[in-house]
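**Q**
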Amino acid sequence: MVRRWVVVGGGLLAVLGACSDDKSRRRNSELVVDQPAAPPSEPSATAPENPESASAIAPTGPLAGVGRRYRVAVGTAYFFDNPQQSTPNGKYLRRGDVFYGEGEWNGFVKTGFVGPAGDRSTGWLKRQELSTAAERPATAPAPAATGPEPPASNAAPRAGSFPPPAAASGARRAVVQTDRAYFHNTPDLATPRKAHCVRGDNVRLGEERGAAVYVAFTNWENVTTTGWMRKDALASVR
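In full-length UniProt numbering, the protein residues as written are 1 to 238.
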């Protein structure tokens, strides 16, 4: 089974966190956001209150929804070490972040994340705090592309479409040549996000689809944001 790794907050690399916002900021940097308030204290994950909660820690069969695409629907979605009501482990995703799950169990969704040192771990997010995200909107207009867009039936997530930051050494690079270059969730550029880069920011280039290219931007705090960006907003760096 191919795992999909995402990057979380709390000092870790954010997968789809904000690259910058509408406020002024330094060059080659991202908006520094306040840490979310600590969630209410709940029973310890290592000491379940009853046998029923203890049995929920370890799934007893195959997980449902493997490879399903999710979007965070609340302000902050915290990670749990086990698929049960317990104390979050401090890592989190923000509203609008998109990731691929490794399966659902007991009202939680399992997914992976990469730590600052490149260590890979897994965690659980509450299903009720997430919504399923289509690979691309069914009514999205056709993009002005130089090549044909793959059919929706082939739009399933693909492993290795862009390497994680730890494996991106030697990747092609570009510099933002417009005042603002917004990140998009899909290569048809129909779903812009608030996250964006500004003129002069350096990005790493990945897969290309039509008028879009998948990029990764790492700010001065070593936080990485990824997504689709317009090719004409970038100038290649040789």
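Glycine included, each C-beta is placed from N, C-alpha and C at the ideal position.
Would you mind giving the Cβ-Cβ distance between Val73 and Ser131, rounded to the nearest angstrom? I have them listed as a contact below 8 Å.
**A** The sequence position of residue 73 within the sequence shown is 73, counting from 1. The sequence position of residue 131 within the sequence shown is 131, counting from 1. The question names Val, yet the displayed sequence has Ala at residue 73. Their Cβ separation, rounded to whole angstroms, is 4 Å, which keeps Ala73 and Ser131 in contact under 8 Å.
**Q** Taking the CB atoms as reference points, tell me whether Ala216 and Gly206 lie closer together than 8 Å.
**A** Along the sequence shown, read from residue 1 onward, the residue named residue 216 stands at position 216. Along the sequence shown, read from residue 1 onward, the residue named residue 206 stands at position 206. Result yes, Cβ atoms of Ala216 and Gly206 sit closer than 8 Å.
**Q** Among residues of its own chain, excluding the 5 on either side of Ala133, which ones have a beta-carbon nearer than 8 Å to its beta-carbon?
**A** In the sequence shown, counting from the first residue as 1, residue 133 sits at position 133. Excluding residues within five positions, the ones whose Cβ falls inside 8 Å are Arg69, Tyr70, Arg71, Val98 and Asn185.
**Q** Just verifying my parser: in three-state terms, what is the DSSP assignment at Glu207?
**A** Within the sequence shown, residue 207 is the residue found at index 207, counting from 1. DSSP places Glu207 in strand when its eight states are reduced to three.
**Q** Keeping to the same chain, check which residues put their C-beta closer than 8 Å to that of Gly96; ignore five residues upstream and five downstream.
**A** Walking along the sequence shown from the start, residue 96 turns up at place 96. Excluding sequence neighbours, Gly96 sits near Leu16, Arg71, Val72, Arg193 and Lys194.
**Q** From Val176, Pro83 and Tyr92, pick the residue whose C-alpha is nearest to that of Glu104; which is it?
**A** Residue mapping note: residue 104 aligns to position 104 of the sequence shown, counting from 1. Ranking Val176, Pro83 and Tyr92 by Cα distance to Glu104 puts Pro83 first.
**Q** Could you tell me which of Tyr182, Thr111 and Arg173 sits nearest to Val203, measuring between CA atoms?
**A** Numbered from its first residue, the sequence shown carries residue 203 at position 203. Looking at the Cα atoms, Arg173 is the closest of the given residues.
**Q** Taking its Cβ as the centre, do 16 or more other Cβ atoms sit within 10 Å of Pro51, making it buried, or is it exposed?
**A** Against the sequence shown, residue 51 aligns to sequence position 51. Note that Pro51 scores a pLDDT of 45, beneath 50, so its modelled location is shaky; the value from the coordinates is reported in the next line. That one is exposed.
**Q** Going by C-alpha distance, which of Pro187, Thr218 and Asn222 is nearest Trp228?
**A** Taking the first residue of the sequence shown as 1, we reach residue 228 at position 228. Out of Pro187, Thr218 and Asn222, Pro187 has the C-alpha closest to the C-alpha of Trp228.
**Q** Can you look up Lys231 in the DSSP assignment and give me helix, strand or coil?
**A** By 1-based counting over the sequence shown, the position of residue 231 is 231. If DSSP states are grouped into helix, strand and coil, Lys231 belongs with the helices.
**Q** Per DSSP, Glu104 forms a beta bridge with which residues?
**A** As a first step, residue 104 must be located in the sequence shown, where it is residue number 104. DSSP output for Glu104 lists Ala64 and Val109 as bridge partner(s).
**Q** Taking C-beta to C-beta, are Lys91 and Phe79 nearer than 8 Å?
**A** Within the sequence shown, the letter at position 91 stands for residue 91. Within the sequence shown, the letter at position 79 stands for residue 79. The answer is yes: Cβ separation under 8 Å.
**Q** Round the Cβ separation of Thr178 and Arg199 to the nearest angstrom and send it over; I've been treating them as touching at under 8 Å.
**A** Locating residue 178 in the sequence shown gives position 178, counting from the first residue. Locating residue 199 in the sequence shown gives position 199, counting from the first residue. Going by Cβ atoms, the distance from Thr178 to Arg199 rounds to 6 Å, so yes, they are a contact pair.
**Q** Going straight from the alpha carbon of Asp232 to that of Asn89, what length do you get?
**A** In the sequence shown, counting from the first residue as 1, residue 232 sits at position 232. In the sequence shown, counting from the first residue as 1, residue 89 sits at position 89. If I take the Cα positions, the gap works out to 41 Å.
**Q** Specify the secondary structure class of Ser24 as computed by DSSP and reduced to three states.
**A** Translated into positions along the sequence shown, residue 24 becomes position 24. Reliability fails at Ser24, whose pLDDT of 49 lies under 50, so the model's placement of it is uncertain and no value is given.
**Q** Note the first and the last residue of the continuous beta strand (DSSP E) segment covering Trp124.
**A** As a working note, residue 124 is residue 124 in the sequence shown. Looking at the DSSP string, the run of the beta strand (DSSP E) that includes Trp124 is Arg120 to Lys126.
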